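Here's the structure we're looking at; comments come further down.
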Amino acid sequence: MMEKKERVFEINNKKQTRTNEISMIINEGGLGADR
Numbered sequence: 001m002m003e004k005k006e007r008v009f010e011i012n013n014k015k016q017t018r019t020n021e022i023s024m025i026i027n028e029g030g031l032g033a034d035r
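In terms of UniProt numbering, the numbers along the sequence shown are unbroken and rise by one, the last being 35.
Structure follows, in structure tokens:
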């Protein structure tokens with residue numbers, strides 16, 4: 001049970017990292033368009 005929970009947590013962490021990367025790219029793109 002504990003092992004499964006950690007696995008899910010690991011996957012969520014990877015998803016979160018990917019989401020943050022995409023957000024950064026979008027933010028940089030938005031800033032670039034503003035200038």
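Ideal Cβ placement from N, Cα and C applies to all residues, glycine included.
Model, not experiment: these values are computed from the prediction.
C-alpha gap between residue i and residue j, whole angstroms
i	j	result
I26	M2	36 Å
T17	I11	10 Å
I22	N13	14 Å
M24	K4	30 Å
G29	K15	21 Å
T19	R7	19 Å
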